[in-house]
Amino acid sequence: MAKIIVLMGAPGAGKGTQARLLQERQGLPQISTGDIFRAMKDAQTPLAEEVRAIMNSGKLVPDEVTIRVVEERTSRDDCKHGYILDGFPRTTVQAAMLENLAVEQGKKILSIVVDVPFEVLEKRMTGRRSCPICGEIYNIYFKPPKNDNVCDLHPDAQLIHRSDDTVEKAKVRLETYAQQTRPLLDYYQKTNRLHRVDGTREPEAIYPDVERVVKSDE
Ligand code: AP5
Numbered sequence: 017m018a019k020i021i022v023l024m025g026a027p028g029a030g031k032g033t034q035a036r037l038l039q040e041r042q043g044l045p046q047i048s049t050g051d052i053f054r055a056m057k058d059a060q061t062p063l064a065e066e067v068r069a070i071m072n073s074g075k076l077v078p079d080e081v082t083i084r085v086v087e088e089r090t091s092r093d094d095c096k097h098g099y100i101l102d103g104f105p106r107t108t109v110q111a112a113m114l115e116n117l118a119v120e121q122g123k124k125i126l127s128i129v130v131d132v133p134f135e136v137l138e139k140r141m142t143g144r145r146s147c148p149i150c151g152e153i154y155n156i157y158f159k160p161p162k163n164d165n166v167c168d169l170h171p172d173a174q175l176i177h178r179s180d181d182t183v184e185k186a187k188v189r190l191e192t193y194a195q196q197t198r199p200l201l202d203y204y205q206k207t208n209r210l211h212r213v214d215g216t217r218e219p220e221a222i223y224p225d226v227e228r229v230v231k232s233d234e
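Counting the sequence shown from 1 gives a position; our numbering is that position plus 16.
Printed below as a string of structure tokens:
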């Protein structure tokens, strides 16, 4: 049965980094609700403005908007044989919606949490930079680009520092995570679908653990 891989973890835990590796090496599409919302940044619609303001505050976009986005994206052809959700679900309402979607699509949910202590997360977020062309993720502390502030693969591209990656906003995001999203770990644990990986190691050391879960037949 095709799988829906739910990558969970606090902001900055490395969900996007692992999801990109899985996409490259397993050919499963990475669906990041955060990336989809950020891609709305230039749209001049009331919805895009609302989403921008909410993301800048570190809070969550309303469930009905997020759910619509996920339903639309996962109905595309490339998701037929499974997909990776990076940053969804984040609330109990979203988790319930995903259960229905999985039944409708005939897929099984597996959840992987990338475990990183809260004190490490701030540097991961404030140090993050990404390429506006290929999305490659860097970190000025842990994975600096070869040349200051430009992508290794796209030397003409200045790296982006996300507007919600400041110290203040990182704090709000961590609080939002603790209140609204962390309880979902219990939910997946109780239904025997939670797999923990130690996210304090290098990305390449973490990846085989993630891949093992994805390939498991349980
Ligand atoms: P989103 O974009 O999903 O952000 P997030 O959950 O806060 O997660 P991040 O992207 O910050 O971190 P990550 O775990 O992907 O880490 P990464 O791999 O980049 O969401 C942004 C906003 O959108 C939300 O605040 C909300 O407003 C809205 N939103 C999104 N989804 C929503 C939903 N479902 N419902 C409602 N609202 C929603 O790594 C971080 C850094 O650490 C990088 O610099 C990286 O190079 C480095 N790093 C990664 N792994 C390692 C490692 N193993 N060792 C050392 N450094 C590492």
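For each residue, glycine too, the CB sits at the ideal point set by N, CA and C.
Between Val-229 and Ile-125, is the Cβ-Cβ spacing less than 9 angstroms? no
Could you check where the alpha helix (DSSP H) with Leu-117 kicks off and where it finishes? 108-121
Does the ligand AP5 have even one heavy atom less than 8 angstroms from the beta-carbon of Thr-108? no
Near the ligand AP5: Ala-29 beta-carbon under 8 angstroms from a heavy atom: yes
Please work out which residues of its chain come closer than 8 angstroms, Cβ to Cβ, to Asn-237, disregarding the five sequence neighbours upstream and downstream, and give them in chain order. Nothing in the structure corresponds to residue 237, since the chain is present only between 17 and 234.
First and last residue of the uninterrupted beta strand (DSSP E) at Met-141: Taken as a continuous stretch (DSSP letters only), Met-141 belongs to no beta strand (DSSP E), being part of the alpha helix (DSSP H) at 134-142.
With a threshold of 8 angstroms, establish whether the CB of Glu-87 neighbours any heavy atom of the ligand SAH. Judged by which ligands are present, the ligand SAH is missing from the structure shown, whose ligands are the ligand AP5.
Using 10 angstroms around the beta-carbon of Met-71, count the other beta-carbons present and answer buried if the total reaches 16, otherwise exposed. buried
Using the rule of at least 16 other Cβ atoms within 10 Å of the residue's Cβ for burial, across every protein chain shown, is Gly-122 buried or exposed? exposed
Quick one: using the 10 Å Cβ neighbour count with 16 as the cut-off for buried, is Ile-222 buried or exposed? buried
First and last residue of the uninterrupted alpha helix (DSSP H) at Leu-175: Element bounds for Leu-175: n/a, residue is neither H nor E.
For Ser-91 and Ala-118, what's the separation of their Cα atoms in angstroms? 11 angstroms
Using 10 angstroms around the beta-carbon of Met-17, count the other beta-carbons present and answer buried if the total reaches 16, otherwise exposed. exposed
Apart from the five residues just before and just after Gly-32, which ones in its own chain have a Cβ nearer than 7 angstroms to its Cβ? Ser-48, Asp-102, Ile-153
In whole angstroms, give me the CA-to-CA distance for Gly-10 and Gly-215. The chain is shown only over 17 to 234; residue 10 falls outside these bounds and no answer can be derived.
heavy atom of the ligand AP5 below 8 angstroms from Leu-201 C-beta: no
Going by C-alpha distance, which of Lys-75, Val-226, Cys-95, Glu-135 is nearest Arg-106? Lys-75
In the DSSP assignment, what are the bridge partners of Tyr-154? Arg-145
Using the C-alpha atoms, what's the distance from Glu-88 back to Thr-142? 31 angstroms
According to DSSP, is Leu-126 helix, strand or coil? strand
Using the Cα positions of Arg-41 and Pro-224, report the straight-line distance between them to the nearest angstrom. 11 angstroms
Exposed unless 16 or more other CB atoms sit within 10 angstroms - verdict on Cys-147: buried
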